[in-house]
Structure formats: structure tokens, C-alpha cells
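Residue numbers (our numbering): 14 to 461.
If you want it as C-alpha cells, here you go:
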């Protein structure tokens, strides 16, 4: 089977590479020639564990190729995936110009039946806009070529996307014809043989499923962050509360870890887009609006703790910051809490020296020389008045606190991911602030 994937961003590249791994012949398209040349050489422009080896293997096997020509890519394919970006517009709605631009180009060049599948995260009704754009171009050509549209949303977690694609919880496909259903069943046959559920539904429901799923997960995160903040006020321990509610099968133990708020390319954008869609239909999604508000506030929670400890004026204060990516196992810094924390601390006069295992180049691209960049986590803490944990990379879980004690000016840690144990911090002599748990305050800068 031959397919084309238009767009080699995060979703498109993972999709194309993983389909190639199942034996399908894949042609990936991107307008960026430099990027295409990189991919032809097996160079992966994003950080995603396991993707580089998978790509190299399928290039060697001849199952995946890359081109800048959409016309060439779709010539002999039966299914075309649209996997280009849908960035948020100024009002929070998804910008569909890239998706519809690809649809028009497909209409300009297709010669035989194809299923055109939206893989990008798009608002409800987008597939029919894609259909209309293709039909418009066919009319201009004076052609009557049959085609179908389908919706096949992705449910990939950055940091585990390869496993998520190859071993999915479910595969959701929105279709409007039996012919399209037959093509999609053949496409996903390798997954069905392994017992992964393939859920067919109407296109509207498929598109809504993606937004509803991400919005539900974002809701769990914001709910737990709100509860964590209340735990601190009443003297409860959010770790114990989390275990208490997570053991309830109706709630589950995933996405209920408190922290500094969610970020990345999916949750913020998708929640905004769903809220905007509802507004367009005269319906206000009050719960999701609260989810957004809580998340916005949560990104400042560590800064509030820092102000409480040091005061409002941080001029001359040095902070070592651990973690820049919005989550571990990715270099993605879109909507990352680290950016909010850095901006607010810099506004109060603080100096910041940061380290992240994989996101340093991305940080330099975004932040430039506004902060210092360390060679490792210990280097970040030289002469630091406090250390801030923003991303829970595994290598940050068991640091040598005796080394930190010697490196730092003041022994204070602000832990935005509850990585360490408060009792242990008190025993080794560190002031320690976390999320939803009692603080350990041994000394303050005023007392020093």
C-alpha cells in the first residue's frame, strides 16, 4: 500500500515513520528543502526517543522517502494524510490556512481516487472544509475525480510517541463512506492483528474526540493543581490526597500529579480552540475556561514562593534552574512553564543559569542571551541563592546534595514537580518549597 504524508513536523514525521515500520510505502512531503535534505540523510529535526533509529531503518529498507513535491508524492498513493500545523489564531481558534492550502493543492494534482485524511488537530467540521476545497479545485480543472475525506486524530504523547503510535490505546477514524472505511481498515490491518481497537464513527464525532480527550486531561491537571494549592492552605499533603483519589478506578492515577501547569503544543492550543468553537455556537464551556485560568495562574506559583522567601526585589540574586522543556523526553518549549518563570524572575532583577538535558539549543533560540546556560545541573547551581526544579527529568531525581551544598550560596530549593521528600530536605539542611505540601524553611535571606 502506498500513502503520502503532507507535513514532516512532529505528527507527520512520527506518522510516516511508524506506518513505514509496518511495511507500508510512505512518501513524506515538506516545503522546506533543507529539512527534506536532512530527513533523506536520516537526520531527525525533533527530539523524540526511538524515532531516529526507526527512521534510519526504514530509509535503508526503502519504505520511506521525502520530497518537496506534493504532486509527485500523491501520484501513486491511495491515502493522503494532512499533517501540517494548525497554530492558534489571535482569538484562540485554530488557524486552518495550511490545512486548506494543502487540500487545494491536492485538488489541483490528484488524478484518481484517494482518501484524504486530516491527521492534524482540527476543529469540528474541518474535514468538510477540506472536501469543499478539493472539490473547488476539481471544478476549476473540469474534472470529476471521486475521493473521500476522513478524520484520523493522533493521540501521541511527546516523549513516547513511537510507542503510542505502534501500540495505541485506540485508533479513531471518522469516515463517510464504506469505500473509505475499507481503505482505512487495510491501512491499519497490522494494528488490528495485534488487538488494538479501531473505532469507526462519523467525521464530526472523530474531530470532537481529539479535542475532548486533550481537554479532559488538561482538566485533570488543573483540578489537581487547584487542590494542591488548597492543600497547602489547610495543612494537607497533596501526595497522600493524590494516592487516595488515584486508587479509585473511576478516577485513575494518571494526570493527577501537581506541578507548575501544563504546556506544550497540544493542551493549551486544543483547550483554547474548543472554547472558541463553543463560543461560535453560542455555548460557553465554563469548566474549560476555568481550566485555562487555573493553568495560567499555576505557572506563577513557584515565583510567588520565591517572592515569599526572598522578597519582591531579586536584584543580584542568582538562581539555578533545572529543566526548560515543558515535560521530560522532549525539547519542546512551547507554552513551557519555564518561560513564564524566567520572564517573571528577570523582571524582578534575578540572574538565571539554566540547564536542560535536551532543550538547550531550543532555549537559546527562544531566550537568546537573556539567561546563562550551564553545562550540567551542578554547573547551573554555582553561587546560586536557590535552585528551581521546573521539569522532572529522571537525572534530576537523585542529585548529590552534598555537592549542591558546597556550590550554592544559600541552601534553598523550589521544587515545581515534587521530586524530593520534604523530610529528607529538612534532614540534610535545605529550605524546601514544593507544590501542595508543607514547606521546610530553615533560614531565610532576611535571617542570613
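C-beta: ideal position from N, C-alpha, C; glycine also. From a predicted model like this one, the values you see are computed outputs, not experimental measurements.
Only residues of its own chain outside the window of five on either side were considered, and among them 14, 15, 16, 76 and 200 have a CB closer than 8 Å to the CB of residue 37, listed in chain order. For residue 238, the enclosing alpha helix (DSSP H) has its first and last residue at 216 to 247. One thing to note: residue 144 has its Cβ no nearer than 7 Å to the Cβ of residue 115.
Using a 10 angstroms sphere on the CB of residue 437, the tally of other CB atoms stays under 16, which defines it as exposed. The continuous beta strand (DSSP E) containing residue 366 extends over residues 364 to 368.
One alpha carbon belongs to residue 111, the other to residue 135, and they sit about 11 Å apart. Under the DSSP assignment, residue 59 falls outside any beta strand (DSSP E); it carries neither an H nor an E label.
Residue 24 places its beta carbon less than 7 Å from that of residue 96. By the beta-carbon neighbour count (other beta carbons within 10 angstroms, threshold 16), residue 294 is exposed.
Judged by DSSP secondary structure, residue 396 falls outside any alpha helix (DSSP H); it is assigned neither H nor E. Residue 147 counts as buried, since no fewer than 16 other beta carbons sit within 10 angstroms of its beta carbon. For residue 425, DSSP records a beta bridge to 444.
The alpha carbon of residue 400 has as its nearest neighbour, out of 55, 391, 30 and 440, the alpha carbon of 391.
Counting C-beta pairs closer than 8 Å gives fewer than three between the stretch 91 to 107 and the stretch 54 to 62, which falls short of the contact rule. Across the structure, residue 308 and residue 364 are spaced so that their CA atoms are roughly 25 Å apart. Around the beta carbon of residue 441, fewer than 16 other beta carbons lie within 10 angstroms, which makes this residue exposed. 299 is the residue among 299, 393, 357 and 100 whose C-alpha sits nearest the C-alpha of residue 232. When beta bridges are read from the DSSP output, residue 31 appears opposite no residue. With 16 or more other Cβ atoms from the protein chains shown falling within 10 Å of its own Cβ, residue 346 counts as buried.
The C-beta of residue 103 has fewer than 16 other C-beta atoms within 10 Å across all chains shown, which makes the residue exposed. CA-to-CA, the gap between residue 26 and residue 32 works out to about 10 Å. The alpha-carbon separation between residue 73 and residue 174 amounts to approximately 22 Å. When C-beta atoms of the stretch 311 to 325 are compared with those of the stretch 157 to 172, fewer than three pairs fall below 8 Å, so the two segments do not count as touching. Taking the CA atoms as reference points, residue 127 sits about 12 Å from residue 195. Out of 273, 279, 288 and 321, the CA that lies nearest to the CA of residue 336 is found in 273.
Pairing residue 405 with residue 366 gives a Cβ-Cβ distance that is not under 7 Å. Scanning its chain for C-beta atoms nearer than 8 Å, with the 5 sequence neighbours on each side dropped, one finds around residue 203 the residues 35 and 36, in chain order. Straight across, the Cα-Cα distance linking residue 424 with residue 241 is about 24 Å. When rounded, the separation of the alpha-carbon atoms in residue 372 and residue 264 is 33 Å. Beta-bridge annotation (DSSP): residue 15 is paired with 38. In the DSSP assignment, residue 79 forms a beta bridge with 41. Taken atom to atom, the span from the alpha-carbon of residue 420 to that of residue 249 is near 33 Å.
DSSP places residue 331 in the uninterrupted beta strand (DSSP E) bounded by 331 to 335. Per the DSSP secondary-structure output, residue 160 pairs in a beta bridge with 127. Counting only the Cα atoms, residue 150 lies some 10 Å from residue 157. Residue 285 sits buried, since 16 or more C-beta atoms from the chains shown fall within 10 Å of its C-beta.
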